[in-house]
Amino acid sequence: MLFGQKPQEHKDRVPPGQTLTQGWPVLHYGSVPYYNDMSKWDLRVFGHVEEEFTISYKNFMALPRKKFANDIHCVTTWSKLDNVWEGVAVMEIMNKVKIKPEATHVMLHAEHGWSTNLPLEDFLRETSFFGIRHNGQLLTPDHGAPVRMVVPHLYFWKSAKWLRGIELMTKDKPGFWERNGYHMYGDPWLSQRYDFE
1 MLFGQKPQEH
11 KDRVPPGQTL
21 TQGWPVLHYG
31 SVPYYNDMSK
41 WDLRVFGHVE
51 EEFTISYKNF
61 MALPRKKFAN
71 DIHCVTTWSK
81 LDNVWEGVAV
91 MEIMNKVKIK
101 PEATHVMLHA
111 EHGWSTNLPL
121 EDFLRETSFF
131 GIRHNGQLLT
141 PDHGAPVRMV
151 VPHLYFWKSA
161 KWLRGIELMT
171 KDKPGFWERN
181 GYHMYGDPWL
191 SQRYDFE
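Letter by letter, the sequence shown follows residues 1 to 197 of UniProt numbering.
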């Protein structure tokens with residue numbers, strides 16, 4: 001199957017305006033972070049929680065993992081079907097903190113100051129997870145290694161690469177991408193690409 005094809009048998013899995021690819025295009029703004037010393041990586045949960053929680057790379061990698069299968073849809077109009085991931089379920093981390101009842105949204109913080117927002121209920125979905133491997137291979141730095149958020153029901157920019165922090169918030173606010181013109185929610189089936197559409 002070549003990039004740009006829209007086979008009829010997949011029409012119910014391809015949102016409006018999207019074309020299929022078997023590759024995995026690399027898209028990002030700025031430089032790619034590389035880690036030479038994984039002892040310097042951790043993941044922090046903070047904001048509207050009873051007590052902040054930080055987990056080291058070693059302890060994160062020791063968490064139980066699951067296989068996930070999904071389709072992904074990029075705001076730049078490509079879709080990639082039948083992805084197989086290995087990762088850590090969101091609740092493996094969030095069960096270690098007590099979320100305050102007033103929390104309604106999450107800001108995902110990544111390296112280099114990148115961030116993106118999500119409603120809390122979307123973040124906590126069973127289909128959302130922290131990705132470590134994709135189609136049998138460890139994630140590369142270009143694709144968000146060592147840990148990438150994966151939120152497959154929204155456009156793929158919501159699946160923040162190079163994840164470092166999860167901030168619980170009491171109201172929605174735009175992250176880096178949303179401040180720069182991307183939609184606040186990003187439903188591919190509603191073509192919620194940009195805030196001016």
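We put the CB at the ideal spot given by N, CA and C, even for glycine. These numbers were taken from a predicted model, which means no experiment stands behind them.
Kindly indicate if chain D contains any beta-carbon less than 9 Å away from that of residue 16. Of the protein chains in this structure there is only one, and it is not chain D.
Does the separation of the CB atoms of residue 14 and residue 97 fall below 9 Å? Cβ distance not < 9 Å, so residue 14 and residue 97 don't count as in contact.
Given this structure, state the Cα-to-Cα distance separating residue 81 from residue 70, to the nearest angstrom. A direct Cα-Cα distance of roughly 7 Å separates residue 81 from residue 70.
Who are the Cβ neighbours of residue 54 in its own chain at under 8 Å, not counting the five residues just before and after it? Result list for residue 54: 42, 43, 44 and 45, in chain order.
Over the uninterrupted alpha helix (DSSP H) stretch that includes residue 122, give me the two end residues. Per DSSP, the unbroken alpha helix (DSSP H) holding residue 122 starts and ends at 120-123.
Which residues in the same chain as residue 86 place their Cβ atom closer than 7 Å to its Cβ, once the five residues preceding and following it in sequence are excluded? Closer than 7 Å at the Cβ level, and outside the excluded window around residue 86, lie 65, 67, 132 and 133.
Burial state of residue 188 (16 or more Cβ within 10 Å): It is buried - the Cβ of residue 188 has at least 16 other Cβ atoms within 10 Å.
Grab the span of the alpha helix (DSSP H) containing residue 164 for me, first residue to last. Annotation for residue 164: no alpha helix (DSSP H) segment contains it, though the beta strand (DSSP E) segment containing it runs 163-169.
Please name the residue in 108, 191, 151 and 101 whose C-alpha comes closest to that of residue 170. Closest option to residue 170, Cα to Cα, is 101.
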